[in-house]
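K.L.:
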Amino acid sequence: MSIPQEPSFRESVDMMFNRAVALMDLPPGLEEKIRVCNATYTVRFGVRLRGQIQTFTGYRSVHSEHMEPVKGGIRFSLGVNQDEVEALAALMTYKCALVEAPFGGSKGGLCIDPRQYDEHELEQITRRFAYELIKRDLINPSQNVPAPDMGTGEREMAWIVDQYARMNTTDINAKACVTGKPLNAGGIAGRVEATGRGVQYALREFFRDPEGMEKAALTGTLDGKRVVVQGLGNVGYHAAKFLSEEDGCKIVGIIERDGALVDVKGLNVEAVRQWTINHGGVAGYPDGTFVENGAKVLEEDCDILIPAALEGVINMGNAANIKAPLIIEAANGPVTAGADTILREKGCVIIPDMYANAGGVTVSYFEWVKNLSHIRFGRMQRRQEESRHQLVVDELERLSGDSGIGWQLSPNFKDRYLRGADELELVRSGLDDTMRIAYQSMRQVWHERDDVEDLRTAAYLVSIDKVASSYKAKGL
Ligand code: GLU
C-alpha cells in the first residue's frame, strides 16, 4: 500500500504549532516570530581517514533565543538534514519552556552512520565537527549547550568537552559547554537513564489523572498493563526496563531495526538488550516470537505504545490500524500531523514528545547547574541531614526503651531514614517533581478548556505562552 502524502517533519511540527496558536490571542506577528527557526548553520568539513579525505556535512540549528544558552542534542545519523534539525530545534524550544528548563531551543546533527567507523575515527570526526561549532560559539557554556541524541552518548560528549577546553584554556566554566558527559568528565549521576526515567514518571503521573485515564478508556494502575516499545536504544531500553521491573508492566512487544519480538507473557528487557548488543538485532532471540516486519507490531493489541526510535513511524499509512488507546512519544516526532488527526478521531490519547521525553533535558539542566556551581549535589547537606535524622532515631529509641510501651522501630526503618540523599536520589527527585508539575500544567488546559481536545495542543499552549511572555518581557 502506498503511503498518502505526508508533510515533512518540520511542516508537521509547524502544523501542530498552528493548531494550538489558533486558540491563542498573541500580538500580531509574534506567532510567526516564535514559529520560525532563527538560524541554521551548515558546515562541510574534511577528515583524513583510511588514506583519503572524507567530507562530512553537519548542522546546528538555533530555533529560539528568548532564553540563552540554547539547548539541544547532537545526532549522528544518515537521516540528518536541515529540515530534521530545524524540526528538532523547534521541539527543544517548546520542551524546555514546558518543563521550565531556562533555555532556548537548538539541535545539531551530523550526516553519518557511526557504525561504519571505529572509535578512533569517530573521535577524529567528532572533534573536528566540535571544532567547527566551537569557533562560531555554537558550542559555548553561556550560548549553546549540546547533549547526546540518537547515535551519540557519553563518549562523544567527553570528546566535545575536551575539545572545548583545549580551545578555551582559561574558561573556568568549560565543563558546562555540553551535557550528558561521563561522571568522571563533569557529568551528573542519573543522566544516562534520565529520558527513560522521565517516560516512567510521565506515565505514573498520567495514571494519577482520573480524567485522562477516562479519556484513554484505561482503568487501574500500571501493574499488568501490556506495553509495546519501539527501539531498545538508551530511551526505549530504560523506559521499558523501569516500567517492567518497578511498575509491573508487561513488555509484550519490542521492535528493533531488524524485526520485532512479541510475547503475551512479557519479554525480559534486560535479556533482549544483551542479545541485541551481542547479535546486532533481535533475530534469533530464544524467547518470544520473531516478526520480520517489525513495523507491523506497532499495530499489535496493547495498552500502551511507546515509540522510542525515529520520527514519522506512525503516519497516515498505519495510524488507522493502531490499537493502543495510549501512546507515549518517547522519541521526537514519532507521530506525524496527519496521523495525529486520525488517532485523535479514534479517541487515542497521545502523551506528546515535548513532555514525554523532556527528562533528558531536565537532567541536562541539573548537570549544567552542577558544572557552573562546581560542586556535586548533596555534598554540603548529606551528612548534616543524616546527623539530624540520627537525633530523631536516638530519641525514638530512648522513648520506646524508657516508657516501656513496647514501641519498636520496623526492621529497616533506621537504615532507610538515616541515609541522607546522594546526587542520584536528588536528581531523580528533581526529575519527578519536574514531570509532575509539567503534567499538571497541561492537564489543567486539557480538561478545563472546551476548545482543547488533546494533550499535545495543551502542551503547545502552555509552552508557547511561556515563550511569548519572555519575548514580551524583553520588549520585542
Ligand atoms: N537530545 C535530547 C532531547 O531531544 C536531550 C537534549 C539535552 O539534554 O539538551 O531532548
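Numbering-wise (numbering that gives the first Met the number 0), the sequence shown opens with residue 0 and increments by one.
Note that beta-carbon positions come from the ideal geometry of N, C-alpha and C, so glycine has one too.
Beta-carbon within less than 7 Å of L29's beta-carbon, same chain only, minus the 5 sequence neighbours each way: which residues are those?
P.N.:
Excluding positions up to five away in sequence, the list reads A467, Y470.
K.L.:
CB-CB under 8 Å to L395, same chain, minus the five flanking residues each way: which ones, in chain order?
P.N.:
W406, L408
K.L.:
Taking just the CA atoms, how far does G316 sit from M0?
P.N.:
Residue placement at M0 cannot be trusted, given a pLDDT of 46 that sits under 50; what the coordinates show is reported in the next sentence. Going by the C-alpha atoms only, they are around 8 Å apart.
K.L.:
With a threshold of 16 other CB atoms inside 10 Å of the CB of A437, please say whether the residue is buried or exposed.
P.N.:
buried
K.L.:
With a cut-off of 7 Å, give the chain-ordered residues whose Cβ is closer than this to any heavy atom of the ligand GLU.
P.N.:
K70, G71, G72, L87, M91, K94, V144, P145, A146, P147, D148, T178, G179, T194, N331, N356, A357, G359, V360, S363
K.L.:
Among G252, P324, G195, whose alpha-carbon lies nearest the alpha-carbon of D352?
P.N.:
G195
K.L.:
Using C-beta distances below 6 Å, list every residue in its chain close to L22, excluding the 5 sequence neighbours before and after it, in chain order.
P.N.:
D450
K.L.:
Restricting to Cα atoms, I'd like to know which of D257, P209, V296, N292 is closest to H278.
P.N.:
D257
K.L.:
Is the Cβ-Cβ distance between L325 and Q229 less than 8 Å?
P.N.:
no
K.L.:
Please report the straight-line C-alpha distance between I327 and K70, rounded to a whole angstrom.
P.N.:
23 Å
K.L.:
Under the three-state reduction of DSSP, which class applies to R225: helix, strand or coil?
P.N.:
It is a strand residue.
K.L.:
Sorted by chain position, which residues of the same chain lie with C-beta nearer than 6 Å to S243's C-beta, five sequence neighbours on each side aside?
P.N.:
I250, V268
K.L.:
Assign I374 to one of three DSSP states: helix, strand, or coil.
P.N.:
coil
K.L.:
Decide if the region 139–151 is in contact with the region 168–179; the criterion is three or more beta carbon pairs, one per stretch, under 8 Å apart.
P.N.:
Cβ pair count under 8 Å is three or more, so yes.
K.L.:
Where do the N-terminal and C-terminal ends of the alpha helix (DSSP H) with E244 fall, by residue?
P.N.:
233–245
K.L.:
Counting only runs of 4+ residues fully inside the region 382–461, write out the alpha helix (DSSP H) ranges in chain order.
P.N.:
412–417, 422–447
K.L.:
Which of the three DSSP states is assigned to R34 in this structure?
P.N.:
helix
K.L.:
Where does T168 land, buried or exposed, given buried means 16+ other C-beta within 10 angstroms?
P.N.:
Residue environment for T168: exposed (fewer than 16 other C-beta atoms within 10 angstroms of its C-beta).
K.L.:
In angstroms, rounded to a whole number, what distance separates the CA positions of A270 and V281?
P.N.:
10 Å
K.L.:
Using the rule of at least 16 other Cβ atoms within 10 Å of the residue's Cβ for burial, across every protein chain shown, is L398 buried or exposed?
P.N.:
exposed
K.L.:
In three-state DSSP terms, what is S7?
P.N.:
Note: S7 maps to coil in three-state DSSP.
K.L.:
Tell me the rounded alpha-carbon separation between P27 and E291.
P.N.:
Between P27 and E291, the alpha-carbon positions lie close to 52 Å from each other.
K.L.:
Taking the alpha carbon of A357 as the point to measure from, which residue in N80, L371, G332 has its own alpha carbon closest?
P.N.:
G332
K.L.:
What would DSSP say about A259, mapped onto helix, strand or coil?
P.N.:
strand
K.L.:
Just checking: is the beta-carbon of E30 within a distance shorter than 8 Å of some beta-carbon in chain C?
P.N.:
Here there is only one protein chain, and chain C is not present.
K.L.:
Quick one: Cα of Q53 to Cα of I73, how far?
P.N.:
20 Å
K.L.:
Skipping 5 residues on each side, what residues in its chain have a beta carbon closer than 7 Å to that of R343?
P.N.:
E452, D453
K.L.:
If you check the beta carbons only, do A338 and N314 fall under 8 Å apart?
P.N.:
yes
K.L.:
Given a threshold of 16 other Cβ atoms within 10 Å of its Cβ, counted over all protein chains shown, does G474 qualify as buried or as exposed?
P.N.:
exposed
K.L.:
Name the DSSP beta bridge partners of C110, please?
P.N.:
Looking at the DSSP assignment, C110 forms a beta bridge with S76.
K.L.:
Specify, as a first and last residue, the run of the alpha helix (DSSP H) that R272 falls within.
P.N.:
268–278
K.L.:
Excluding the 5 residues flanking A457 on each side, which residues of the same chain have their C-beta closer than 6 Å to its C-beta?
P.N.:
M441, V444, W445, V451
K.L.:
By how many angstroms is the C-alpha of I159 removed from the C-alpha of R49?
P.N.:
23 Å
K.L.:
Just how far apart, CA to CA, sit Q273 and G265?
P.N.:
So the two alpha carbons sit approximately 16 Å from each other.
K.L.:
Just mark H65 as buried or exposed, buried being the case when its beta carbon has 16 or more other beta carbons within 10 Å.
P.N.:
Buried: at least 16 other Cβ atoms inside 10 Å.
K.L.:
Quick one: using the 10 Å Cβ neighbour count with 16 as the cut-off for buried, is G189 buried or exposed?
P.N.:
buried
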